[in-house]
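Peer 1: Can you read through this structure? Questions will come right after.
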Amino acid sequence: LPTDLLGTWVREKKVLTLEEAIHKLTQVQADLFSFTDRGVLRVGAIADIVVFDAATVAPGPVRRVADFPAGGERLTADQPTGMHHLFVNGVEVQRDGQLVQSALDSLPADMSVQANDDDLYISSYLIRLPSASQQFIEP
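Here is the structure:
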């Protein structure tokens, strides 16, 4: 889970720097799947951005759900903390931790969206730092 990587392995255990983790979650993934104009913040690139608080981001409580075929179970953490805003292709789809219904209503009818930050794979992060809320860190 991206929120576990950022909260546990970056902030708490200091195994990676914040910049290294963001790079692994963004540009490394985009390059792996050959997604052009993704994984970086630059003019002309597709604007997928997450705004989060590096001091509080975490996956939230883990729970077991049985939503696989034949009642198969999986663990999920679908109530993350510290995740504030999400923009996909430049469109705000989450504001102050809540889904923006008008953005979801504009999706094609055959698409479904899960209200779960950890199920959304995004290509670039905007970070709200505790000491300065308007700084950018690029992967």
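FYI, the numbering for the sequence shown is 202 to 340, going by this note's numbering.
The C-beta atom is built at its ideal place from N, Cα and C for all residues, glycine as well.
Predicted model, so just to flag it, every value in this text is computed and none were measured.
With distance defined between alpha-carbon atoms, name the residue in LEU276, VAL251 and PHE234 nearest to PRO262.
Peer 2: Comparing Cα-Cα distances from PRO262 to each of LEU276, VAL251 and PHE234, the minimum goes to LEU276.
Peer 1: Do PRO260 and GLY208 have their C-beta atoms closer together than 9 Å?
Peer 2: In this structure, GLY208 lies closer than 9 Å to PRO260 by Cβ.
Peer 1: So HIS285 packs on VAL252, CB below 8 Å; how close in whole Å?
Peer 2: Going by Cβ atoms, the distance from HIS285 to VAL252 rounds to 5 Å, so yes, they are a contact pair.
Peer 1: So, are the CB atoms of THR204 and VAL258 less than 9 Å apart?
Peer 2: Yes, the Cβ-Cβ distance between THR204 and VAL258 is below 9 Å.
Peer 1: Using the Cα positions of LEU300 and LYS214, report the straight-line distance between them to the nearest angstrom.
Peer 2: If you take the alpha carbons of LEU300 and LYS214, they lie about 31 Å apart.
Peer 1: Identify which residue in SER303, LEU217, VAL289 and ARG212 has its Cα closest to the Cα of ASP254.
Peer 2: Answer by Cα proximity: ARG212.
Peer 1: In chain order, which alpha helix (DSSP H) runs of at least 4 residues are fully inside the stretch 208 to 294?
Peer 2: Counting only runs of 4 or more, we get 219 to 226 and 228 to 233.
Peer 1: Considering only their Cβ atoms, is the gap separating ALA248 from ASN290 smaller than 9 Å?
Peer 2: Yes, Cβ-Cβ distance for ASN290 and ALA248 is below 9 Å.
Peer 1: Can you check which of these residues, GLN280, TRP210, GLN228 and LEU287, is closest to ARG243 by C-alpha distance?
Peer 2: Ranking GLN280, TRP210, GLN228 and LEU287 by Cα distance to ARG243 puts GLN228 first.
Peer 1: Using a 10 Å radius around the Cβ and a threshold of 16 neighbouring Cβ atoms, would you call VAL294 buried or exposed?
Peer 2: So VAL294 ends up on the buried side.
Peer 1: Whole angstroms is fine: what's the gap from THR282's alpha carbon to THR237's?
Peer 2: Cα to Cα, the separation comes out at about 30 Å.
Peer 1: Tell me the DSSP secondary structure of SER305 in three-state form.
Peer 2: Looking at the sequence provided, one finds Leu at residue 305 rather than Ser. Residue state, collapsed to three classes: helix.
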